[in-house]
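Number of protein chains: 4
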Amino acid sequence: MAGIPRKVPEQRRQDLVLAAFELLAEKGFEGLRTRDVAARAGVNIATLHYYFPTKEALIGGVVEHVMTRFRSTLEPHGSPDRQLRNHLRAVRKLMREEPEVGAVMGELALRSARDPAIASLVRSTQETWHQVVRGLLRRAAKEGHIQPDLDSDAAAAMVLATLTAMTLPLQAAPHHELALRQLERWLGL
Amino acid sequence: MAGIPRKVPEQRRQDLVLAAFELLAEKGFEGLRTRDVAARAGVNIATLHYYFPTKEALIGGVVEHVMTRFRSTLEPHGSPDRQLRNHLRAVRKLMREEPEVGAVMGELALRSARDPAIASLVRSTQETWHQVVRGLLRRAAKEGHIQPDLDSDAAAAMVLATLTAMTLPLQAAPHHELALRQLERWLGL
Amino acid sequence: MAGIPRKVPEQRRQDLVLAAFELLAEKGFEGLRTRDVAARAGVNIATLHYYFPTKEALIGGVVEHVMTRFRSTLEPHGSPDRQLRNHLRAVRKLMREEPEVGAVMGELALRSARDPAIASLVRSTQETWHQVVRGLLRRAAKEGHIQPDLDSDAAAAMVLATLTAMTLPLQAAPHHELALRQLERWLGL
Amino acid sequence: MAGIPRKVPEQRRQDLVLAAFELLAEKGFEGLRTRDVAARAGVNIATLHYYFPTKEALIGGVVEHVMTRFRSTLEPHGSPDRQLRNHLRAVRKLMREEPEVGAVMGELALRSARDPAIASLVRSTQETWHQVVRGLLRRAAKEGHIQPDLDSDAAAAMVLATLTAMTLPLQAAPHHELALRQLERWLGL
DNA sequence: AATGAATGAGAGTTCATTCAT
DNA sequence: AATGAATGAACTCTCATTCAT
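Quick note, the sequences are listed as chains A, B, C and D, same order. Be aware that the first sequence starts at 0, since it is given in numbering that gives the first Met the number 0, and climbs by one per residue. Be aware that the second sequence starts at 0, since it is given in numbering that gives the first Met the number 0, and climbs by one per residue. Be aware that the third sequence starts at 0, since it is given in numbering that gives the first Met the number 0, and climbs by one per residue. Be aware that the fourth sequence starts at 0, since it is given in numbering that gives the first Met the number 0, and climbs by one per residue.
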């Protein structure tokens, strides 16, 4: 009398978030339909609303997922200059292997102009990111790995700008590799 | 007995494009409604369809408008290094004074991942832009205004990446000024 | 200083009626659009409404046209039996050479169930037609050309039914020729 | 606390088809509106689209219904001549008691000139009908119930033509009874 | 925990008609 | 006599959400 094994509720939630994440990357907010999400997760539309009362709540889950995914590119290993290089590479790798993350981040970036909740989340992420990179630049300069007279604040801003542009679709920001190489060169990495 | 003065047709078209442009900047593709566009332009929804058979056609008009607007930042005046500096400043000014242009360009960038028509337009715009900037960098280097050993191709890619990031909402790309200042510094402008 | 020669108003009206007639045959009432009619007649939609205040009025013109066209199959030549045979042949010829007439008559037949104006017109046409055919049958019988014991009323009803079925599209009433041949045989023509 | 009792889904479908059938008979394709259908079936317009994705699909349901209804006039009971007579009477009865069937069949006949799907359906129905009637005529002749020298093919064509005309509104094909009586007389039924 | 059925509000688009010239 | 521009009303279809089970 076992029947189809029920999934643990937490797993269901995760399935739905993942389905929404993928569809958001594919179709954008413009084309995101709760019915499609439910279908991709293999459940009824009413079940989706059982786990997420509104579409907005579901999107919240996706945001969380993406932010977690992105934070993984900032894991501290080795000296500051190595950490910096690793970060650049990790971002490049993430964009190549999981372009969905970039796509969704782009969507969130645009939406932050209209959605206060997303805005504050995006802003705080950027701020944290900025501080981490600036700190790495400062320590790298102090330890003599990169040019010492660098304005770490401004340089960090440029690093973020360049990496942020890379989350956009290829058409909108081609020459990823060239830009990154030039960035490393200027930083002296 | 004058009645309401009729507008010149070309003016009506322009009004509609402008209304669509503003609403696209405000709400994104996700929230763009033809009825709202018509209302903002002060005409009946059927009148909108008299000028633009489909929503897609209207969006085409908006794209044209934005591209024209953006191209205005690339006007050739003076030496290559001055042109470069002017371009950077013009973009900064445009984003400050007409953030809608940036917002819409961001929307187009994201949409280019799904819409072939927009994709090719965005791509060709980027390509032209890249070539112009690279040409300016080359001539500026040759004339001794900036460092001569610069890889003009890679540097152009970085310029574009930085400027492209600036079209995103402030939350998603803060520290515009810092980034731009650093860019000028590195270029030696 | 001649310019494009203006058409006589009556000609314009006729052009519009003809265009409407053709389009009604092609698309049916379901697909009849005043704009298409105007376009086919080569005039502006507002011009159409100058000649025909409403779509209904235009349709009235078409009805008139079709009835005239159909009445042409009932021209008296020769003896009653010859007239009968000629009538059958004229209908057959009309349906072959101008199937639009049949198509439009079919449309009118159906519409007569909802449109009192058309209903009375269709009814009176049928009544006249019935009387003519019955009269011919009677005289033909009296003159010994066809079987004398024929119920001219019932036979006329059958003639009309058969010919009416022939105005329907081929799919709905195939074997025209067979049916007509049998009719002639039974009538002894 | 019973609330409004839910209908069985199949019943809902049938209700919708029936509503569409009635409205199609009343207003024709020209005047058939999905909202009216939903209203007559007592459901929201969105519910209609839950059962039938498109208007076309709903019409498909109506076609099926009508064909089933019409086929019921061709039930084999008794000798060939009795079957023939019964068929004629069943059609007459159907047209009298459910004129909607005739109206809808007329609509389908006209539409078959434009709609390939309906065309093939109408054509195959006619072909089957023709063969059945021809077969009955042959066997009736062989068994000596009707005149033996009858061209069964041509006679079948005439039977169909007459009966088809009877599906049209009364205005367009009056004297049903007379025509049918004459048909029986000629066939010797 | 999960679902099929149902819905209100609203989307883009169409159409006969009218208005000002 | 003729037109381009404009419109109100209505059309089919969609979507996030809810209800009864």
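Beta carbons: idealized from backbone N, C-alpha and C, even for Gly. Note that the coordinates shown come from a computational prediction; the quantities given were computed from them, not determined experimentally.
Cβ-Cβ distance between residue i and residue j below 9 Å
i, j, result
"residue 22 (chain C)", "residue 106 (chain C)", "no"
"residue 57 (chain C)", "residue 15 (chain C)", "yes"
"residue 26 (chain D)", "residue 32 (chain D)", "yes"
"residue 66 (chain C)", "residue 165 (chain C)", "no"
"residue 122 (chain B)", "residue 52 (chain A)", "no"
"residue 113 (chain A)", "residue 30 (chain B)", "yes"
"residue 98 (chain D)", "residue 118 (chain C)", "no"
"residue 159 (chain D)", "residue 178 (chain C)", "yes"
"residue 28 (chain A)", "residue 28 (chain B)", "yes"
"residue 78 (chain A)", "residue 171 (chain A)", "no"
Rounded straight-line distance, which links the Cα of residue j to that of residue i
i, j, result
"residue 148 (chain A)", "residue 60 (chain A)", "43 Å"
"residue 154 (chain C)", "residue 37 (chain C)", "44 Å"
"residue 145 (chain C)", "residue 152 (chain C)", "14 Å"
"residue 131 (chain C)", "residue 183 (chain C)", "17 Å"
"residue 150 (chain A)", "residue 181 (chain B)", "8 Å"
"residue 185 (chain D)", "residue 116 (chain D)", "36 Å"
"residue 108 (chain D)", "residue 124 (chain D)", "11 Å"
"residue 40 (chain D)", "residue 68 (chain D)", "20 Å"
"residue 49 (chain C)", "residue 64 (chain C)", "19 Å"
"residue 161 (chain B)", "residue 157 (chain A)", "7 Å"
"residue 72 (chain C)", "residue 86 (chain C)", "6 Å"
"residue 142 (chain A)", "residue 163 (chain A)", "27 Å"
"residue 91 (chain B)", "residue 12 (chain B)", "29 Å"
"residue 2 (chain A)", "residue 62 (chain A)", "Because the pLDDT of residue 2 (chain A) is 48, which lies under 50, any placement of that residue in the model is unreliable, and the question is left without a value."
"residue 188 (chain B)", "residue 54 (chain B)", "44 Å"
"residue 10 (chain B)", "residue 10 (chain D)", "56 Å"
"residue 8 (chain C)", "residue 47 (chain C)", "12 Å"
"residue 195 (chain A)", "residue 175 (chain A)", "The requested residue 195 (chain A) does not occur in the structure, where chain A is confined to residues 0 to 188."
"residue 18 (chain A)", "residue 104 (chain B)", "28 Å"
CB contact check: residue i to chain D, cutoff 9 Å
i, result
"residue 29 (chain C)", "yes"
"residue 26 (chain C)", "yes"
"residue 187 (chain C)", "no"
"residue 86 (chain C)", "no"
"residue 1 (chain C)", "Note that residue 1 (chain C) has pLDDT 47, beneath the 50 cutoff, so the model's placement of it is unreliable and the number below is only indicative. Not one chain D Cβ lies under 9 Å of residue 1 (chain C)."
Chain A within 9 Å of residue i, Cβ atoms only
i, result
"residue 155 (chain B)", "yes"
"residue 71 (chain B)", "no"
"residue 125 (chain B)", "yes"
"residue 18 (chain B)", "no"
"residue 90 (chain B)", "no"
Below-9 Å beta-carbon distance, residue i vs any chain C residue
i, result
"residue 165 (chain D)", "yes"
"residue 161 (chain D)", "yes"
"residue 182 (chain D)", "yes"
"residue 129 (chain D)", "yes"
"residue 7 (chain D)", "no"
"residue 121 (chain D)", "yes"
"residue 10 (chain D)", "no"
Residue-level contact to chain B via CB, residue i, 9 Å cutoff
i, result
"residue 93 (chain A)", "no"
"residue 118 (chain A)", "yes"
"residue 32 (chain A)", "no"
"residue 13 (chain A)", "no"
Going along the chain, which residues of the stretch 100-114 of chain D sit with their C-beta nearer than 9 Å to a C-beta in chain C? 102, 104, 105, 106, 107, 108, 109, 110, 111, 112, 113
Between the stretch 167-180 of chain C and chain D, which residues of the former have a C-beta closer than 9 Å to a C-beta of the latter? 167, 168, 169, 170, 171, 172, 173, 174, 175, 176, 177, 178, 179, 180
Contact list for the stretch 43-70 of chain C against chain D, Cβ threshold 7 Å: none
Kindly confirm or deny that the stretch 78-89 of chain C and the stretch 128-143 of chain C touch, where touching means at least three C-beta pairs closer than 8 Å. Contact holds: three or more Cβ-Cβ distances are below 8 Å.
Listed from N- to C-terminal order along the chain, which residues in the stretch 133-154 of chain A have their beta-carbon within a distance smaller than 7 Å of any beta-carbon of chain B? 150, 152, 153, 154
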